[in-house]
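Q:
Residue numbers (our numbering): 1035 to 1350.
Below you can see the structure in the form of structure tokens.
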């Protein structure tokens, strides 16, 4: 075996081990795919880069199944397991798509990486909304677990008149209406962190970041999504409401990124020494500031949408 092959096996094993370790740490579970994304360029080709992802998937499934005897014979237990695995498996599938489509545009890679999460989440909503006995039992089990945790840790911090069961109902509504944007934020942050590190010395990459934009016809998805949201005031069907909000928020999230790209371009136009990386990081950090984040989450998507008619980056 050549030394290069030995090094690739080592890098792949280290990436898989670190990824699984981060997954087991609750505080870093959101970003557990970053080591896999960082290791991919060192593994020469996409097929080899997918092996660590497969290894982590096997470890993750094995770890989840340990101690769950008869999980496949118990529908409720099986569904609860699927709910728990939805996000990590979706992130691994997204990472596999991102790596496997390395020669395609970033937007295409990102959208393909989100398909599994979109379909899987929608199927879970359909099942929970089916009204079947198993769905009701699974929903009650999730509710009971959440209420126990909430009563233990956060009940004292809840506003007067709001209890754990009401909070669970609110959380369910949020997850149904924004499960895809929630996934895309986690996936997008991991992708961005890895890409910024990989291309940290590539000045051309900084230029590409400050020129990133959605296709012009994406504005129709934006307008259609928010039109559907308005229609939910009349059409109360749960699946329609979930589809409307997820579509509207997903496209708005992409335009949010385009808005940051516009700001980065305008800033770099005045001072090229300021990297687009710094601007993206600054904007994302600023979104954590209460009050300011509301302004940014409103203004930046609208800025991105407005570029459909106003050319901010005329000297590209």
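C-beta: ideal position from N, C-alpha, C; glycine also.
Bear in mind that the values here come from a model prediction, so they are computed numbers and not experimental data.
Taking 8 Å as the cut-off, is the CB of residue 1077 close to at least one heavy atom of the ligand ZN?
A: Questions concerning the ligand ZN fall outside what the structure shown contains, since it holds no ligand whatsoever.
Q: Out of 1040, 1214, 1280 and 1272, point me to the one whose CA is closest to residue 1147's CA.
A: Looking at the Cα atoms, 1214 is the closest of the given residues.
Q: Can you give me the start and stop residues for the alpha helix (DSSP H) that residue 1097 sits inside?
A: Note, residue 1097: alpha helix (DSSP H), 1080 to 1099.
Q: Could you tell me the boundaries of the alpha helix (DSSP H) in which residue 1305 lies?
A: Premise fails: residue 1305 is in no alpha helix (DSSP H) and is neither H nor E.
Q: Could you tell me the alpha carbon to alpha carbon distance between residue 1185 and residue 1275, rounded to whole angstroms?
A: Near 30 Å, if we compare the C-alpha coordinates of residue 1275 and residue 1185.
Q: Looking at residue 1209: is its Cβ nearer than 9 Å to the Cβ of residue 1169?
A: No; because the gap between Cβ atoms is not below 9 Å, this pair is not in contact.
Q: If you draw a straight line from the alpha carbon of residue 1224 to that of residue 1074, how long is it in whole angstroms?
A: Spanning the two alpha carbons is a distance of roughly 14 Å.
Q: Less than 9 Å between the beta carbons of residue 1144 and residue 1222, yes or no?
A: The answer is yes: Cβ separation under 9 Å.
Q: Does DSSP put residue 1321 in a helix, a strand or coil?
A: Looking at residue 1321 - three-state DSSP - the assignment turns out to be coil, as it is neither helix nor strand.
Q: So is residue 1324 buried or exposed if we call it buried at 16+ other beta carbons inside 10 Å?
A: Looking at its Cβ environment, which holds fewer than 16 other Cβ atoms inside 10 Å, residue 1324 is exposed.
Q: Three or more C-beta pairs under 8 Å: does that hold for the stretch 1114 to 1123 against the stretch 1074 to 1084?
A: As far as the Cβ criterion goes, the stretch 1114 to 1123 does not touch the stretch 1074 to 1084, which means the pair count is below three.
Q: Helix, strand or coil for residue 1244 per DSSP?
A: Reduced to three states, the DSSP call for residue 1244 is coil.
Q: If you draw a straight line from the alpha carbon of residue 1205 to that of residue 1171, how long is it in whole angstroms?
A: Roughly 18 Å between the two C-alpha positions.
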